[in-house]
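Visitor: The structure under discussion is supplied below as structure tokens; questions concerning it will follow.
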Amino acid sequence: MQRGYWHFRSRFNGDVKEHSKIAYGFDMQQYPEVKINYNSDGTVSEEEGERLLRIVLEQSKNQINSYLDDTNQVLDQNAYDAVMDLFYNRNSNKLTQEVIDAMAERDDEKVWSLLENFDYRYAYTYRYQDNAQEAKAYVERNLGLSERREEEYTIYQNGF
């Protein structure tokens, strides 16, 4: 299974399991119905991590396909792969759907514009409910996010 640039963590990356991620970014809050098979030391194996990743990717694929069907749009494989990565990281929402629309239109300038400030708009809208200062601080604390959006744009343009 190709996992892009996702990194495996055998332990949760936060203090409280319910608010952190494990394996390849599996979020217990988003998938409370999924049973995680822990090792005796509280970690998960890479095999279990891949199982959890497949669950998330399947849901993301279904959401993307549903949106594409509902809006009568088509993405080429590179755009689909880039959107899959974006959905994996940011779920299906108005902002990710804007990116799909721009990619389906092959509007490269708009795609870049949407991805370039995506994380600020995401934090502003979904994490900090219209608090510009908190959203800006979030983006500044998480500098890897802009790199991730750049990589998604590269995938959109050139593939993996």
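In this note's numbering, the protein residues as written are 2 to 161. All residues carry an ideal CB built from backbone N, CA and C; glycine is no exception. This one's a predicted model, so the numbers in the text were calculated from it and none came from an experiment.
Under 8 Å by Cβ, that's how I've got F27 and S61 pegged, so tell me the actual separation to the nearest angstrom.
Guide: That belief does not hold up - the Cβ atoms of F27 and S61 are roughly 12 Å apart, past 8 Å.
Visitor: Please state whether DSSP places K36 in a helix, a strand or coil.
Guide: If DSSP states are grouped into helix, strand and coil, K36 belongs with coil.
Visitor: Helix, strand or coil: which one does DSSP assign to F9?
Guide: In the displayed model, F9 falls within coil according to three-state DSSP, outside both helix and strand.
Visitor: Just tell me which of Q31, L53, S41 has its CA closest to the CA of S9.
Guide: The sequence given here has Phe at residue 9, not Ser. Of Q31, L53, S41, the residue nearest in Cα terms is L53.
Visitor: Rounding to the nearest angstrom, what Cα-Cα distance links S147 and N90 in this structure?
Guide: 12 Å
Visitor: Does the distance from the C-beta atom of Y129 to that of A136 stay below 7 Å?
Guide: Taking 7 Å as the Cβ cut-off, Y129 and A136 qualify as a contacting pair.
Visitor: So, with DSSP's three-state summary, where would you put F27?
Guide: strand
Visitor: What are the uninterrupted segments assigned as beta strand (DSSP E) that are 3 or more residues long and contained completely in the region 101-131, given in chain order?
Guide: none
Visitor: E47: buried (16+ other C-beta within 10 angstroms of its C-beta) or exposed?
Guide: exposed
Visitor: Among the candidates A103, W113, A138, whose CA atom is the shortest distance from the CA of L69?
Guide: Out of A103, W113, A138, A103 has the C-alpha closest to the C-alpha of L69.
Visitor: Could you tell me the alpha carbon to alpha carbon distance between I65 and Y81, rounded to whole angstroms?
Guide: 8 Å
Visitor: At what residues does the alpha helix (DSSP H) containing R84 begin and finish?
Guide: According to the sequence shown, residue 84 is Val rather than Arg. First-last of the alpha helix (DSSP H) with V84: 78-91.
Visitor: Name the residue from I101, V84, R150, N79 whose alpha carbon lies nearest to the alpha carbon of N73.
Guide: I101
Visitor: Where does the unbroken alpha helix (DSSP H) through D70 begin, and where does it stop?
Guide: Residues 47-72.
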